[in-house]
Every structure is written in structure tokens, then in C-alpha cells.
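Taking it in order: structure first as C-alpha cells, then the write-up.
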Amino acid sequence: MAEPVVIDPTDFDAVGVLTEAIVSLRAHVLISEVDASATVSAPEGWHPLVINAKQGGSSVLIVRFNELSSSRLRNVAEALSKRGWHLDEDREGATLRQPPGTTATDSAFEVLSAIGIGGAPTDSRTVVARDGNGNEVDLHP
5 MAEPVVIDPT DFDAVGVLTE AIVSLRAHVL ISEVDASATV SAPEGWHPLV INAKQGGSSV
65 LIVRFNELSS SRLRNVAEAL SKRGWHLDED REGATLRQPP GTTATDSAFE VLSAIGIGGA
125 PTDSRTVVAR DGNGNEVDLH P
């Protein structure tokens, strides 16, 4: 069983830890030739984030608003929109597409910004991943 990666958003090392996890996720996609997704947990009542790594080299970051109160939803949606995220048609989430060539570090900074947006608590988060075949992905280098 793959151990989850733990990130502490208050620690500057979180960028490096998350970058390594994203590199591992992308490497798995390249080697296995199947898309994979990593889920960043969220404190209760807040928004988890999913990183979808695609075979073509692109990534898609996804936030769903299911756990947010109405006021949190407005704040998070507005803040993500200002960062270039696209609100879903159903208004239940937001997506940011990152083209091939986007560095893992740039993705990590965006993920860290998104999980802390709208006043979200700075609690430690776990990151776990599975590929399109349902196999666990080891995110540790």
C-alpha cells in the first residue's frame, strides 16, 4: 500500500514535497501509459483538490464545492476565478487546465494557493493517488 504524502501548507518545504509528488504522478502516467489522479485532502467543510495527470503531458486541477457553505462557496469561487480557474457549468466546482510543459513546481504552487484560498485552514493535508486502472500510485520519490 502506497503511503500518503503529507504536506504542511505553512511550511515552505511544502512546495518541494508537492513538486516531488507531482513528478512521481507524471512519471507513473508516462511509464504506465494510463492517466492518473492525485487527491489532496481538505479539512471538514472545505474543498479537496484533484490533480489529473494526462498521457499527453497536460494536467487538470479540479476543485469541487460540495463541502462548502454558501458564503465559503462564493469566496472560494470568486478567488479561484481571479486566478484564472474556470467555474464549471453546474457551479459546483472549478477547473484549471495546465498545458504540457507546465513545470511540476508551477503546478505545486497553484495547488498550494488553491487549497488555502478563501480562508481555508492551514491544517496538514494528505495526498493519495490512483491511476485509471484503479492501481495505487506511489507519490514518494
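At position 75 of the sequence shown (counting the first as 1) the number is 79 in the numbering used here, and the numbers step up by one without a gap.
Heads up, the beta-carbon is just placed ideally off N, CA and C, and yes, glycines get one too.
Being a predicted model, the structure only gives us computed values, none of them experimental.
- Shown here, Leu-91 sits in a strand according to DSSP, grouped into three states.
- Runs of the alpha helix (DSSP H) lying entirely within the region 50 to 88, each at least 4 residues long, are 74 to 86 in chain order.
- Partner residues in the beta bridge of Ser-41, as assigned by DSSP, are Asn-56, Arg-134.
- Taking the Cβ atoms as the reference, Arg-134 lies roughly 14 Å from Ala-25, outside the contact range of under 8 Å.
- Out of Glu-37, Gln-59, Glu-71, the CA that lies nearest to the CA of Glu-48 is found in Glu-71.
- For Ala-98, no alpha helix (DSSP H) encloses it; the enclosing beta strand (DSSP E) starts and ends at 97 to 102.
- Pairing Ala-31 with Glu-140 gives a Cβ-Cβ distance that is not under 8 Å.
- Just so you know, the alpha carbons of Leu-29 and Ile-35 end up roughly 10 Å apart.
- The C-beta of His-90 has fewer than 16 other C-beta atoms within 10 Å across all chains shown, which makes the residue exposed.
- Ile-66 and Thr-99 do touch by the CB rule: their CB atoms are close to 5 Å apart, below 8 Å.
- For Val-9, the uninterrupted beta strand (DSSP E) run begins and ends at 9 to 11, by DSSP.
- Under the DSSP assignment, Ser-28 falls in the alpha helix (DSSP H) whose first and last residues are 17 to 36.
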